[in-house]
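Enquirer: In full-length UniProt numbering, the protein residues as written are 1 to 245.
Here a beta-carbon is modelled for each residue, glycine too, at the ideal position from N, C-alpha and C.
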């Protein structure tokens, strides 16, 4: 009788996992449709351009690496966000810095997701990106790295919840959901992929939304530390920001 009960329990767990896997696959399929190039391709582009520049000038290392604010950002054991800015004419410095950050985090086996901007010489080929699409892409990348979702007995995510999400608030709520299971994760976003109107709204709304998300994560039993790094080389993004940024 005990063997029969154990077998039934094992079958139930296996069935539950199969259901989770099906839902997980449905969710990934739904949010995969996006205007973004594969993140690894963009990262390779950033790394290639950085390496090429440094071959021509071996001293092309920026003071960003020695910034006290960045050191504090990286070492504090709490969720936080930071904007790394440069003038447009030296935009390559912050792009190279972003490539360095991804390499360092990979080397330390620290989870990281990123949305970087690959400039196009043909204006007609430039894709119009919305803030919601950026959040969706972050959710997609995080889900791909978060295998703990398939180990949860009560799978908290449903395909319907993703398919019905329409607003930025709903997608930020989903972003908070998929972070469950991480001890720490970094998010790197190049604001240049957004148009000026979207970028200005990003300044006024996203910084606040991430602060709210950090507060929510702190209140969870198993808190997740989230580090958000924005790279920027447009003055419209930082105009009117509070001194803390």
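Which residue wins for smallest C-alpha separation from residue 228, given the options 51, 42, 82 and 66?
Expert: Closest by alpha carbon: 82.
Enquirer: Write down the C-beta distance between residue 186 and residue 110 rounded to the nearest angstrom, noting that I regard them as a contact closer than 8 Å.
Expert: Rounded, the Cβ-Cβ distance is 6 Å, consistent with contact.
Enquirer: Distance check for residue 36 and residue 137, CA to CA, integer angstroms please.
Expert: Spanning the two alpha carbons is a distance of roughly 8 Å.
Enquirer: Tell me whether the beta-carbon of residue 70 lies closer than 9 Å to the beta-carbon of residue 95.
Expert: No, Cβ-Cβ distance for residue 70 and residue 95 is not below 9 Å.
Enquirer: By Cβ distance, which residues of its chain are closer than 7 Å to residue 86, with the 5 residues on each side in sequence left out?
Expert: Result list for residue 86: 93, 94 and 233, in chain order.
Enquirer: What's the C-alpha gap between residue 226 and residue 90?
Expert: For residue 226 and residue 90, the distance between alpha carbons rounds to 28 Å.
Enquirer: So the beta strand (DSSP E) residue 185 belongs to, where does it begin and stop?
Expert: Where residue 185 is concerned, the enclosing beta strand (DSSP E) stretches over 184-190.
Enquirer: Over the uninterrupted beta strand (DSSP E) stretch that includes residue 129, give me the two end residues.
Expert: Here residue 129 belongs to no beta strand (DSSP E), and DSSP marks it neither H nor E.
Enquirer: Could you have a look at residue 69 and say whether DSSP puts it in helix, strand or coil?
Expert: Helix at residue 69.
Enquirer: Can you say whether residue 175 is buried or exposed, counting buried as having 16 or more other CB atoms within 10 angstroms of its CB?
Expert: With 16 or more Cβ atoms within 10 Å of its Cβ, residue 175 is classed as buried.
Enquirer: Can you tell me where the alpha helix (DSSP H) holding residue 217 begins and where it ends?
Expert: Residue 217 -> alpha helix (DSSP H) spans 207-218.
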